[in-house]
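In the order they appear, the protein sequences are chains W and F. Whatever position you read off the first sequence (first residue = 1), add 3 for the numbering used here. Whatever position you read off the second sequence (first residue = 1), add 49 for the numbering used here. The beta carbon of each residue, even a glycine, is placed where N, CA and C say it ideally should be. Just so you know, these numbers come straight off a predicted model, no measurement behind them. Everything on this sheet refers to the single structure shown next.
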Amino acid sequence: MKKVQVYITLKQGVLDPQGKAIQTSLHALDYPEVDDVRVGKYIELQVEEGPDLETRVTQMCEQLLANPVIEDYRIELEGAR
Amino acid sequence: MKVAVIVFPGSNCDRDMYHAAGEIAGAHASLVWYTDTHLLDDVDGILIPGGFSYGDYLRSGSMASTSDIMNKIREHAEKGKPVLGICNGFQILTESGLLPGALMRNKNLSFMCHQEELIVEDNENVFTTLYDTNEVVRFPIAHGEGNYFCDDETLNELKANNQIVFTYKNNPNGSVADIAGIRNKAGNVLGMMPHPERAVEALLGSEDGLRLFQSMIANWRSSNAVNA
C-alpha cells in the first residue's frame, strides 16, 4: 500500500468567497498582513502499488476528485522525493 | 409523453417535479430510483430534480454524476430526447459534462430561498418555446451553490450559440453573465438553478413555470405526431 495525498485548490482567477470571508476575519483579529486566503481540500488515499500508480491517480483527479473546470490538483506520493 | 423523474438518495424536489410535469402539465410521469436504470428504456424525457444527492459529498452533483444511470441519460440526450436538470439536477448535468461550466458557492456564502425575476433569453429549445424572448418570469430559487462559473472561451461559445436560456434580472449569487440556466447546442438539454416546478399554480405564488413543462410536451407531440 502506498499513501497518496491529493491537494485540491481553486484555479487562479476563480473567486473564492470563503477565502475572502476568512481573510476579513483574520484582519478583524488584527492580522493585517494577510494579503489573500484561498481554501482547498486535502484527500488522502491508500492505494495498492503498481507501475502506473501516478497515472491512475491523475485519472482519478480528472474524473472525480477535482473538477477541472474550477479546480487545480497536486498529487504527492509517499516516499517520493 | 412518458417522462421519468430520477430519484437519487438525497433528492428532495422529486415529488414537486412529478406533480408539475405529471399532475399539472399532463405528462405521463414516473419516479425512477437511480438504480432502476432499465426503467428508462421507453421514456421520452428525463427530469433530474433538485435536492442534495449523496449529501453534496465532495462537490454538489459529483457523486450522482458517476452513477450508472447517467450513462443511460447521456444516451437519451445524444438521441435528442429532452433532459431537464433543475438545481441539484443542473449541478449533476455540469458535473457529468452534459453541460459546460460548474456551479460554485454563492458569492455571499448564504443559502438563498426566495422568488427571483428571470429574463428568457432563448426560446429555441424544447423547454421554452411557449415563452417570448426577453419575457420576464418569476421562479423561486433555493440554493447555496448556484454561482455559475465558466471560462471566457466557454462563455463566448454559450453566447454565440444562444445557449444561455435564463438570466437573473438581479443576480443573487455571483453567476457569470447573470446566468440562471443554459442549454446544450442541440437544445434538448437544459440546466437551471431556479425552480419552475415550484411555480406551476397560482397557489404557489407564480404560474410562470408551467409553460416550461407544456413546451416540452408540445414539442414532443409535434415531433412524434401521435395522440399522447
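- Of F:Tyr180, F:Glu256 and F:Gly150, the smallest CA-CA separation from Ser264 of chain F is found for F:Tyr180.
- For Arg108 of chain F, the nearest beta carbon of chain W is closer than 8 Å to its own beta carbon.
- By the neighbour-count criterion, in which 16 or more other beta carbons inside 10 Å mark a residue as buried, Arg270 of chain F falls on the exposed side.
- Contact with chain F is found for Gln21 of chain W, since one of that chain's Cβ atoms lies less than 8 Å from the residue's Cβ.
- Of all residues in the segment 31 to 42 of chain W, none is placed with a Cβ closer than 8 Å to any Cβ belonging to chain F.
- Under a criterion of Cβ atoms nearer than 7 Å, the residues of chain F adjacent to Leu67 of chain W are, in order, Ser111 and Thr115.
- In the structure shown, the three-state DSSP call for Cys162 of chain F is strand.
- Straight-line spacing of the CA atoms in His30 of chain W and Gly104 of chain F works out to 33 Å.
- The DSSP-derived three-state label of Leu32 of chain W is coil.
- In this structure, F:Ser145 is the residue among F:Ile168, F:Met241 and F:Ser145 with its C-alpha nearest to the C-alpha of Ala69 of chain W.
- Remark: C-beta atoms of Ile73 of chain F and Met241 of chain F do not approach each other more closely than 8 Å.
- With respect to the C-alpha of His244 of chain F, the residue from F:Leu167, F:Leu158 and F:Ile122 having the closest C-alpha is F:Leu167.
- In the structure shown, Leu107 of chain F adopts coil according to DSSP, grouped into three states.
- The beta-carbon of Leu207 of chain F is placed no less than 8 Å from the nearest beta-carbon of chain W.
- Ile25 of chain W has a beta carbon lying at 8 Å or more from every beta carbon in chain F.
- The C-beta of Asp201 of chain F has fewer than 16 other C-beta atoms within 10 Å across all chains shown, which makes the residue exposed.
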